[in-house]
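A.B. asks:
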Amino acid sequence: MTQKIAILGASGYTGAELVRLIATHPTMDIVALSGERKAGMAMGDVFPHLRHLNLPNLVKIEEIDFSGVDLAFCALPHATSQEVIRELPKDLKVVDLSADFRLRDPAEYEKWYGKPHCAVEMQKEAVYGLTEFYRDDIRNARLCAGTGCNAAAGQYAIRPLIEAGVIDLDDILLDLKNGVSGAGRSLKENLLHAELSGGTYPYSAGGKHRHLGEFDQEFSKIAGRPVLVQFTPHLAPMNRGILASAYVKGDPEAVYKALADRYAAETFIEVLPFGGLPSTRSVAGSNFVHVGVSADRIPGRALVVVALDNLCKGSSGQALQNANLMLGNEETAGLMLAPVFP
1 MTQKIAILGA SGYTGAELVR LIATHPTMDI VALSGERKAG MAMGDVFPHL
51 RHLNLPNLVK IEEIDFSGVD LAFCALPHAT SQEVIRELPK DLKVVDLSAD
101 FRLRDPAEYE KWYGKPHCAV EMQKEAVYGL TEFYRDDIRN ARLCAGTGCN
151 AAAGQYAIRP LIEAGVIDLD DILLDLKNGV SGAGRSLKEN LLHAELSGGT
201 YPYSAGGKHR HLGEFDQEFS KIAGRPVLVQ FTPHLAPMNR GILASAYVKG
251 DPEAVYKALA DRYAAETFIE VLPFGGLPST RSVAGSNFVH VGVSADRIPG
301 RALVVVALDN LCKGSSGQAL QNANLMLGNE ETAGLMLAPV FP
């Protein structure tokens, strides 16, 4: 049976990535694409790499007839997303790629995003979209809130270690390198080639990054008490990819075993042999995650490194994985593309 799909915000990077992935999906058919500033344009003109696909033209959201749509992906900016989703049909399944429904506490949303939430009742029904840890809840969800890409990478490194009780919860340091596509497609001076290429720099340091709200929420929930991590992201001169390095206090062998055991049955998460460390190149353009563990020269300390593609597993691939669960599809449908190399 064909499932009819709408993508709202299809003119951005995550929207285009959804189109690329769904193009190989066995049951999904894209019937509507929205792009407010590019309404009326062909998708192939906005993204030439999609020219070979037979796609509907971009339109404004109010022009879409949702009566025959089975699921909508919402790839709109934060704050805009909640306003749009609250006006959609109440029986429409939605996967939101923005931050608007990630945080369960409205006060936490206002703290991290600087304005009150305008769809608090819907926030209560949203399921957090870290697939490997919320799979059963996502299957039964109407509204799924995709995680932040940085938040996903950090959680893949640390969640199983908190669950297994193998690390010191008060001594977690997370250092992350992020590809420039994570900043979106809008023109920004600091993202110009002349200002970004050839250099790397930290941003939102000192506890200011919004994805800390997700770390606080999720890690504290697992531990049953507050868990605060040190987190510094860095913008790297690469188009795609996240490399998260987590420095933890715990026996390296126990850390490795906790991760290997937790991910043993996961199709998309590969734990490398002990001592092996991953590269963003090895997962580029794919829904796969590579995890590596190394002992430190200081006894009782370990390094955990996670590599994933921020646009795919960190956002659009994760969204499709969750949509598959919500629609009763094989979870891996449309997502088994091998990474692109070199």
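According to full-length UniProt numbering, the stretch in the sequence shown is residues 1 to 342, in order.
Glycine is no exception: its CB is placed at the ideal position from the N, C-alpha and C atoms.
Quick one: residues in its chain with C-beta nearer than 7 Å to the C-beta of L21, no 5 flanking neighbours on either side, listed in chain order?
C.D. replies: Counted from its first residue, the sequence shown places residue 21 at position 21. Answer for L21: S316, G317, L320, G334, L335, listed in chain order.
A.B. asks: Out of C312, G9, I298, point me to the one whose CA is closest to G148's CA.
C.D. replies: To locate residue 148, count along the sequence shown from 1; it is residue 148. Residue C312 is the option with its Cα nearest to G148.
A.B. asks: Who does I269 pair with in a DSSP beta bridge?
C.D. replies: Here residue 269 refers to the residue found at position 269 when the sequence shown is read from its first residue. Beta-bridge pairing links I269 to V289.
A.B. asks: Who pairs with K4 in a beta bridge, going by DSSP?
C.D. replies: Start at 1 with the first residue of the sequence shown, and residue 4 comes out as number 4. K4 is bridged to D29.
A.B. asks: Using the three-state DSSP reduction, which class does T280 fall into: helix, strand or coil?
C.D. replies: Here residue 280 is taken as the residue at index 280 of the sequence shown, counted from 1. Three-state result, T280: helix.
A.B. asks: Take V46 and list the residues in its own chain whose beta-carbon comes closer than 6 Å to its own, dropping the five residues that flank it on each side.
C.D. replies: Locating residue 46 in the sequence shown gives position 46, where the first residue counts as 1. The residues are S11, K38.
A.B. asks: Using DSSP with H/G/I as helix, E/B as strand and the rest coil, what is A23?
C.D. replies: Here residue 23 refers to the residue found at position 23 of the sequence shown. Residue state, collapsed to three classes: coil.
A.B. asks: Where does T2 land, buried or exposed, given buried means 16+ other C-beta within 10 angstroms?
C.D. replies: What you label residue 2 is simply residue 2 of the sequence shown in a count that begins at 1. Looking at its Cβ environment, which holds fewer than 16 other Cβ atoms inside 10 Å, T2 is exposed.
A.B. asks: Please return the same chain residues whose Cβ sits closer than 8 Å to the Cβ of I162, not counting the five positions on each side in sequence.
C.D. replies: In the sequence shown, counting from the first residue as 1, residue 162 sits at position 162. If we look at I162 and ignore the five residues flanking it on each side, its Cβ neighbours are L169, F219, I222, A223, V227.
A.B. asks: Measuring alpha carbon to alpha carbon, tell me which of I61, L18, A75 ends up nearest H49.
C.D. replies: Residue numbering aside, residue 49 sits at position 49 when the sequence shown is read from its first letter. Of I61, L18, A75, the residue nearest in Cα terms is L18.
A.B. asks: Cβ of I242 within 8 Å of Cβ of L337?
C.D. replies: Locating residue 242 in the sequence shown gives position 242, where the first residue counts as 1. Locating residue 337 in the sequence shown gives position 337, where the first residue counts as 1. Contact: no.
A.B. asks: Measure from the alpha carbon of Y13 to the alpha carbon of each residue in D251, K257, G314, A260, then state which is nearest.
C.D. replies: Looking up residue 13 in the sequence shown gives position 13. The shortest C-alpha separation from Y13 is found at G314.
A.B. asks: Find out if the Cβ-Cβ distance for the pair F73, I138 is shorter than 8 Å.
C.D. replies: For the purposes of this step, residue 73 is taken as residue 73 along the sequence shown, with counting starting at 1. For the purposes of this step, residue 138 is taken as residue 138 along the sequence shown, with counting starting at 1. In this structure, I138 does not lie closer than 8 Å to F73 by Cβ.
A.B. asks: Would you please state the rounded distance, in angstroms, between the beta carbons of V95 and G146? I believe it to be under 8 Å.
C.D. replies: As a first step, residue 95 is located in the sequence shown; it is residue number 95 there, counting from the start. As a first step, residue 146 is located in the sequence shown; it is residue number 146 there, counting from the start. 6 Å between Cβ atoms; contact.
A.B. asks: Check whether the Cβ atoms of P278 and V291 lie closer than 8 Å to each other.
C.D. replies: In the sequence shown, counting from the first residue as 1, residue 278 sits at position 278. In the sequence shown, counting from the first residue as 1, residue 291 sits at position 291. Contact flag set, yes.
A.B. asks: For C118, does the three-state DSSP call read helix, strand or coil?
C.D. replies: Within the sequence shown, residue 118 is the residue found at index 118, counting from 1. It is coil, neither helix nor strand.
A.B. asks: What's the call for Y134, buried or exposed, on a 16-neighbour Cβ count within 10 Å?
C.D. replies: Start at 1 with the first residue of the sequence shown, and residue 134 comes out as number 134. Per the 10 Å Cβ criterion, buried.
A.B. asks: Within this structure, are the beta carbons of H117 and N178 separated by less than 8 Å?
C.D. replies: Mapped onto the sequence shown, residue 117 falls at position 117. Mapped onto the sequence shown, residue 178 falls at position 178. For H117 and N178, no; Cβs fall outside 8 Å.
A.B. asks: Report the residue ranges of all beta strand (DSSP E) runs contained in full by the region 157-210; include only those spanning at least 3 residues, in chain order.
C.D. replies: Those beta strand (DSSP E) runs which fall completely within the region 157-210 and span 3+ residues are 172-178.
A.B. asks: How big is the Cα-Cα spacing for T131 and L92?
C.D. replies: Your numbering for residue 131 matches position 131 in the sequence shown. Your numbering for residue 92 matches position 92 in the sequence shown. Using only the alpha carbons, I get a separation of about 20 Å.
A.B. asks: Can you confirm whether the region 300-307 touches the region 248-266 when touching is taken to mean that 3 or more C-beta pairs between the two stretches lie within less than 8 Å?
C.D. replies: Because the criterion of three Cβ pairs below 8 Å is met, the region 248-266 and the region 300-307 touch.
A.B. asks: Give me the DSSP bridge partner(s) of D96.
C.D. replies: The residue given as residue 96 occupies position 96 in the sequence shown. Its beta-bridge partners are C74, A145.
A.B. asks: So P252 is in the alpha helix (DSSP H); what residue range does that whole segment cover?
C.D. replies: By one-based count along the sequence shown, residue 252 stands at place 252. 252-263 is the span of the alpha helix (DSSP H), which, as asked, contains P252.
A.B. asks: Would you tell me roughly how many angstroms separate the C-alpha atoms of Y109 and G207, rounded to the nearest one?
C.D. replies: Sequence index remark: in the sequence shown, residue 109 carries index 109 (1-based). Sequence index remark: in the sequence shown, residue 207 carries index 207 (1-based). Approximately 15 Å, taken between the alpha carbons.
A.B. asks: Check T131 in the structure and name its three-state DSSP category.
C.D. replies: Your numbering for residue 131 matches position 131 in the sequence shown. Three-state result, T131: helix.
A.B. asks: Might you give, ordered along the chain, the residues of its own chain that have their beta carbon closer than 6 Å to the beta carbon of T280, omitting 5 neighbours on each side?
C.D. replies: Looking up residue 280 in the sequence shown gives position 280. Cβ neighbours of T280 beyond the five flanking positions: G241, L243, A307.
A.B. asks: L243 bridges to which residues according to DSSP?
C.D. replies: In the sequence shown, the residue the question calls residue 243 occupies position 243. The partner list for L243 (beta bridge, DSSP) reads K177, A307.
A.B. asks: Would you identify the three-state DSSP class for T332, choosing helix, strand or coil?
C.D. replies: Translated into positions along the sequence shown, residue 332 becomes position 332. Three-state DSSP puts T332 in coil, outside helix and strand.
A.B. asks: Quick check on I298: buried or exposed, where buried means 16 or more other Cβ atoms within 10 Å of its Cβ?
C.D. replies: To locate residue 298, count along the sequence shown from 1; it is residue 298. Answer is exposed; the Cβ neighbour count stays below 16.
A.B. asks: Is it buried or exposed for Y128, if we count other Cβ within 10 angstroms and need 16 for buried?
C.D. replies: The residue labelled residue 128 in the question sits at position 128 within the sequence shown. By the 10 Å Cβ count, Y128 comes out buried.
A.B. asks: If you follow the beta strand (DSSP E) that P233 is in, where does it begin and where does it stop?
C.D. replies: In the sequence shown, residue 233 corresponds to position 233, counting from 1. Unbroken beta strand (DSSP E) run through P233: 230-235.
A.B. asks: Which same chain residues, not among the five before or five after E125, have their C-beta less than 6 Å away from its C-beta?
C.D. replies: Residue mapping note: residue 125 aligns to position 125 of the sequence shown, counting from 1. So the qualifying residues of the chain are L143.
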